[in-house]
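*Asks:*
Residue numbers (this note's numbering), protein chains in the order written: chain A, 1 to 351; chain B, 1 to 260.
Here it is, written out as structure tokens:
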């Protein structure tokens with residue numbers, strides 16, 4: 001066979017068919033070391049020989065190898081194992097996806113219903129939620145998020161100011177950058193920014209934490225003690241994030257306007273007091289309040305998506321990763337949907 | 001607490017387990033008497049843990065009933081279910097301790113929920129329960145800071161926190177060295193004697209099965225139903241099933257057929 005073992009059977013099988021060969025004999029006198037790649041070759045060769053009714057003698061092979069070959073032929077391939085699931089066609093898969101929608105939707109509704117019941121228990125003072133869990137969750141998603149919110153919102157305010165300045169300086173109307181940044185940040189950009197950062201930072205963490213608790217049977221342990229995981233794990237996180245996102249949004253608004261101020265004063269050479277005055281004139285309380293409505297809805301969305309994905313997490317490490325990813329993706333999609341809905345509504349009622 | 005007079009504690013009737021369309025086990029009928037150490041045994045993947053999850057209320061059965069005394073677990077009111085859950089304790093396979101809490105807090109959480117003790121008394125109780133499983137001095141440790149065997153023992157301390165009537169064990173000896181596993185068996189026997197508890201244990205550890213079990217059910221994954229049950233020693237002596245004989249003798253019966 002030369003120096004190595006041929007990767008496939010080369011031209012041999014065709015030689016089998018033309019009838020010139022009737023018997024195969026191995027020669028293994030010089031064989032010193034071998035591994036299972038030789039076994040694979042022998043098995044393949046013998047299978048091909050069997051298919052063409054050739055006799056084969058493996059007396060010359062090492063005894064250990066002969067035993068392994070016998071073992072390989074003892075069990076016909078595939079017997080005793082489950083049949084591998086065949087690949088479904090496009091239409092079957094598409095149909096499967098559509099059929100999957102109603103039960104998924106029902107599951108989501110059940111989760112939301114359970115959360116409402118949990119909140120109702122809290123109002124009646126019968127909840128398993130502990131105040132310290134709420135405070136800890138609020139500290140984690142609120143205070144600890146301040147640095148990243150400061151960084152992103154300041155930069156975002158600066159970017160808004162630059163983008164506006166490019167157009168507005170052509171008309172010598174740089175001063176309107178102040179209004180652009182102020183209204184833009186307060187009304188929608190501040191809340192969206194906080195929502196997206198929280199989806200990546202906190203929503204994913206919720207899914208991963210609760211998902212890992214599912215894997216380690218910690219959630220089951222709560223249930224067997226009669227402690228509702230909705231009350232104990234989900235409710236404090238949903239409340240904490242729904243309260244903290246509006247507060248973080250106020251902070252992000254302030255930082256964004258400050259970012260715009262920096263660009264206005266140092267890049268566009270606007271006088272500081274003029275920028276300040278222009279901001280005050282342009283921005284109304286209404287815009288801030290609309291922004292807080294957006295923010296509160298994002299807080300609810302991100303915490304719901306995170307906790308929901310965590311609670312329905314499967315029992316493997318891979319499932320935890322999937323849960324975290326789905327939490328972020330579904331949060332961001334829902335944030336954009338909610339933004340569209342609220343914006344259209346605001347337009348209709350002229351706020 | 002032995003003999004026919006022992007009142008039934010858990011009654012399982014016509015139980016079918018499954019996931020979706022897939023039936024795992026069907027027609028399970030058995031009774032756990034008060035004071036039993038009841039073993040659920042069977043080959044890997046035959047549904048032992050699933051059966052346990054259904055009995056302790058974590059997973060709904062496909063059909064059939066699980067009764068605790070007079071109460072049907074899957075058809076009772078929320079208050080009744082809460083009362084039932086208060087009277088059971090569970091040791092999960094990996095301990096399932098709440099990782100964000102210290103060992104003492106783990107044991108204290110059920111106590112603070114179900115009792116009117118003050119904080120000092122609860123802490124004292126928690127320390128006592130930890131000492132019972134040989135973890136005195138580890139009260140302030142977090143689950144991530146102790147070994148797997150210790151986590152298991154801490155899980156047992158938590159399962160015993162509310163002095164339950166029934167304790168469930170999911171593979172108690174998995175991951176324990178032989179001596180620790182034996183000590184756990186001794187602890188179970190001791191608890192049954194001194195605290196009048198009933199135990200339901202999922203295991204395929206033969207040494208444990210014969211050392212502590214006095215009642216059992218055997219799940220067969222080829223017939224997808226139960227092959228038999230009762231005292232494991234008598235089961236081995238009286239059974240006609242080659243599969244059970246093989247299982248309970250570690251395969252020795254299969255090789256020396258006719259010699260037994």
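For every residue, glycine included, the Cβ atom is placed at its ideal position computed from N, Cα and C. Quick caveat: nothing in here was measured; it's all calculated off a predicted structure.
Going residue by residue through the region 3 to 41 of chain B, where are the continuous beta strand (DSSP E) segments of at least 3 residues, counting only ones entirely within it?
*Replies:* Complete beta strand (DSSP E) runs here, min 3: 8 to 19, 22 to 33.
*Asks:* Per DSSP, what kind of secondary structure is residue 297 of chain A in: helix, strand or coil?
*Replies:* Residue numbering aside, residue 297 of chain A sits at position 297 when the first chain is read from its first letter. Here residue 297 of chain A sits in helix by DSSP.
*Asks:* Along chain B, which residues have their Cβ under 7 Å away from the Cβ of residue 352 of chain A?
*Replies:* The displayed coordinates of chain A run from 1 to 351. Any statement about residue 352 of chain A would go beyond what the structure contains.
*Asks:* Would you list the one or two residues that DSSP bridges to residue 242 of chain A?
*Replies:* As a first step, residue 242 of chain A must be located in the first chain, where it is residue number 242. Its beta-bridge partners do not exist; DSSP assigns none.
*Asks:* Could you check where the alpha helix (DSSP H) with residue 68 of chain B kicks off and where it finishes?
*Replies:* Within the second chain, residue 68 of chain B is the residue found at index 68, counting from 1. From DSSP, residue 68 of chain B is part of no alpha helix (DSSP H) but of the beta strand (DSSP E) over 63 to 68.
*Asks:* With a Cβ-Cβ cutoff of 7 Å, do residue 197 of chain A and residue 169 of chain A count as a contact?
*Replies:* Here residue 197 of chain A corresponds to residue number 197 of the first chain, with the count starting at 1. Here residue 169 of chain A corresponds to residue number 169 of the first chain, with the count starting at 1. Going by C-beta atoms, residue 197 of chain A is not nearer than 7 Å to residue 169 of chain A.
*Asks:* Examine chain B for any beta-carbon lying closer than 7 Å to the beta-carbon of residue 318 of chain A, and answer yes or no.
*Replies:* Taking the first chain and counting its residues from 1, one reaches residue 318 of chain A at position 318. No - not a single Cβ of chain B is within 7 Å of the one on residue 318 of chain A.
*Asks:* For a contact defined as C-beta to C-beta under 8 Å, what are the partners of residue 101 of chain A on chain B?
*Replies:* Here residue 101 of chain A refers to the residue found at position 101 of the first chain. Chain B residues near residue 101 of chain A: none, gap ~17 Å exceeds 8 Å.
*Asks:* Quick one: residues in its chain with C-beta nearer than 7 Å to the C-beta of residue 119 of chain A, no 5 flanking neighbours on either side, listed in chain order?
*Replies:* Locating residue 119 of chain A in the first chain gives position 119, counting from the first residue. Taken in chain order, the residues that qualify are 235.
*Asks:* Which residues bound the alpha helix (DSSP H) around residue 238 of chain B?
*Replies:* One-based indexing of the second chain puts residue 238 of chain B at position 238. Residues 232 to 238.
*Asks:* Taking the continuous alpha helix (DSSP H) assigned at residue 123 of chain A, which residues delimit it?
*Replies:* Residue mapping note: residue 123 of chain A aligns to position 123 of the first chain, counting from 1. Its alpha helix (DSSP H) spans residues 90 to 123.
*Asks:* Can you look up residue 219 of chain B in the DSSP assignment and give me helix, strand or coil?
*Replies:* The residue given as residue 219 of chain B occupies position 219 in the second chain. Strand.
*Asks:* Mapping DSSP to helix, strand and coil, what is residue 80 of chain A?
*Replies:* Counting from 1 along the first chain, the entry for residue 80 of chain A is found at position 80. With a pLDDT of only 48 at residue 80 of chain A, under the threshold of 50, the placement of this residue in the model should not be trusted; the figure read from the coordinates follows. Looking at residue 80 of chain A - three-state DSSP - the assignment turns out to be coil, as it is neither helix nor strand.
*Asks:* So who's on the other strand from residue 198 of chain B, going by DSSP bridges?
*Replies:* Taking the second chain and counting its residues from 1, the one referred to as residue 198 of chain B is at position 198. In DSSP, residue 198 of chain B forms a bridge with B:166.
*Asks:* Verify the contact flag: residue 186 of chain B, CB atom, against every heavy atom of the ligand MG, threshold strictly below 6 Å.
*Replies:* The ligand MG is not part of the structure shown, which contains no ligands of any sort.
*Asks:* Within the same chain, show all residues whose beta-carbon is closer than 7 Å to that of residue 273 of chain B, passing over the 5 residues directly before and after it, in chain order.
*Replies:* Absent from the structure is residue 273 of chain B, since the part of chain B shown begins at 1 and ends at 260.
*Asks:* Does the beta carbon of residue 98 of chain B come closer than 7 Å to any beta carbon on chain A?
*Replies:* Residue numbering aside, residue 98 of chain B sits at position 98 when the second chain is read from its first letter. With 7 Å as the cut-off, residue 98 of chain B counts as an interface residue toward chain A.
*Asks:* Check for me: the alpha helix (DSSP H) holding residue 209 of chain A runs from which residue to which?
*Replies:* Within the first chain, numbered from 1, the residue matching residue 209 of chain A stands at position 209. Counting along the chain, the alpha helix (DSSP H) containing residue 209 of chain A begins and ends at 204 to 215.
*Asks:* Could I get the ranges of all uninterrupted alpha helix (DSSP H) runs contained in the region 77 to 116 of chain B, with 4 residues as the minimum, in chain order?
*Replies:* Here the runs fully enclosed are 78 to 86, 103 to 114.
*Asks:* Please determine if the region 185 to 199 of chain A and the region 140 to 152 of chain A are in contact, where contact requires at least 3 C-beta pairs separated by less than 8 Å.
*Replies:* Yes, they touch.
*Asks:* Alpha carbon to alpha carbon, what distance is there between residue 172 of chain A and residue 156 of chain A?
*Replies:* By 1-based counting over the first chain, the position of residue 156 of chain A is 156. By 1-based counting over the first chain, the position of residue 172 of chain A is 172. Spanning the two alpha carbons is a distance of roughly 23 Å.
*Asks:* Mind pulling the chain A residues with CB within less than 9 Å of residue 47 of chain B?
*Replies:* Your numbering for residue 47 of chain B matches position 47 in the second chain. Chain A residues near residue 47 of chain B: none, gap ~15 Å exceeds 9 Å.
*Asks:* Looking only at C-alpha atoms, which of B:220, B:242, B:174, B:119 sits nearest to residue 46 of chain B?
*Replies:* On the second chain, position 46 is the one that residue 46 of chain B refers to. Of the listed residues, the one whose Cα sits closest to residue 46 of chain B is B:220.
*Asks:* Sort A:72, A:130, A:191, A:103 by Cα distance to residue 342 of chain A and report the nearest one.
*Replies:* Here residue 342 of chain A refers to the residue found at position 342 when the first chain is read from its first residue. Looking at the Cα atoms, A:191 is the closest of the given residues.
*Asks:* Contact criterion: CB-CB distance below 7 Å. Does residue 85 of chain B meet it with respect to chain A?
*Replies:* Looking up residue 85 of chain B in the second chain gives position 85. Judged by the 7 Å Cβ criterion, residue 85 of chain B is in contact with chain A.
*Asks:* Buried or exposed: where does residue 48 of chain B fall if 16 or more other Cβ atoms within 10 Å of its Cβ makes it buried?
*Replies:* Within the second chain, numbered from 1, the residue matching residue 48 of chain B stands at position 48. Residue 48 of chain B should be labelled buried.
*Asks:* Smallest Cα separation from residue 301 of chain A: which of A:150, A:34, A:241?
*Replies:* As a first step, residue 301 of chain A must be located in the first chain, where it is residue number 301. The residue with the shortest Cα to Cα distance from residue 301 of chain A is A:241.
*Asks:* Hey, is residue 82 of chain B's beta-carbon within less than 7 Å of any beta-carbon in chain A?
*Replies:* For this step, residue 82 of chain B is matched to residue 82 along the second chain. Yes - at least one Cβ of chain A is within 7 Å of the one on residue 82 of chain B.
*Asks:* Measure the alpha-carbon distance for residue 193 of chain B versus residue 129 of chain B and round it to whole angstroms.
*Replies:* Translated into positions along the second chain, residue 193 of chain B becomes position 193. Translated into positions along the second chain, residue 129 of chain B becomes position 129. Distance between the alpha carbons of residue 193 of chain B and residue 129 of chain B: 17 Å.
*Asks:* Residue 36 of chain B: buried (16+ other C-beta within 10 angstroms of its C-beta) or exposed?
*Replies:* Position 36 of the second chain, counted from the start, is the residue given in the question as residue 36 of chain B. By the 10 Å Cβ count, residue 36 of chain B comes out buried.
*Asks:* Which one or two residues does DSSP pair with residue 229 of chain B in a beta bridge?
*Replies:* Within the second chain, residue 229 of chain B is the residue found at index 229, counting from 1. In the DSSP output, where bridge partners are listed per residue, residue 229 of chain B has B:217.
*Asks:* So, at 6 Å on beta carbons, what are the nonlocal neighbours of residue 299 of chain A in its own chain, with the 5 sequence-adjacent residues on each side left out?
*Replies:* Along the first chain, one-based indexing puts residue 299 of chain A at 299. Cβ neighbours of residue 299 of chain A beyond the five flanking positions: 241, 242, 245.
*Asks:* So is residue 143 of chain B buried or exposed if we call it buried at 16+ other beta carbons inside 10 Å?
*Replies:* Walking along the second chain from the start, residue 143 of chain B turns up at place 143. Buried.
*Asks:* Buried or exposed: where does residue 80 of chain A fall if 16 or more other Cβ atoms within 10 Å of its Cβ makes it buried?
*Replies:* Position 80 of the first chain, counted from the start, is the residue given in the question as residue 80 of chain A. The predicted position of residue 80 of chain A is uncertain, since its pLDDT is 48 and thus under 50; a value taken from the coordinates is nonetheless stated next. Exposed: under 16 other Cβ atoms inside 10 Å.
*Asks:* From residue 162 of chain B to residue 131 of chain B, what does the alpha carbon distance come to, in whole angstroms?
*Replies:* In the second chain, the residue the question calls residue 162 of chain B occupies position 162. In the second chain, the residue the question calls residue 131 of chain B occupies position 131. Rounded to the nearest angstrom, the two C-alpha atoms are 15 Å apart.
*Asks:* Which residues of the region 117 to 151 of chain A have a Cβ closer than 8 Å to any Cβ of chain B? Give them in chain order.
*Replies:* Residues 128.
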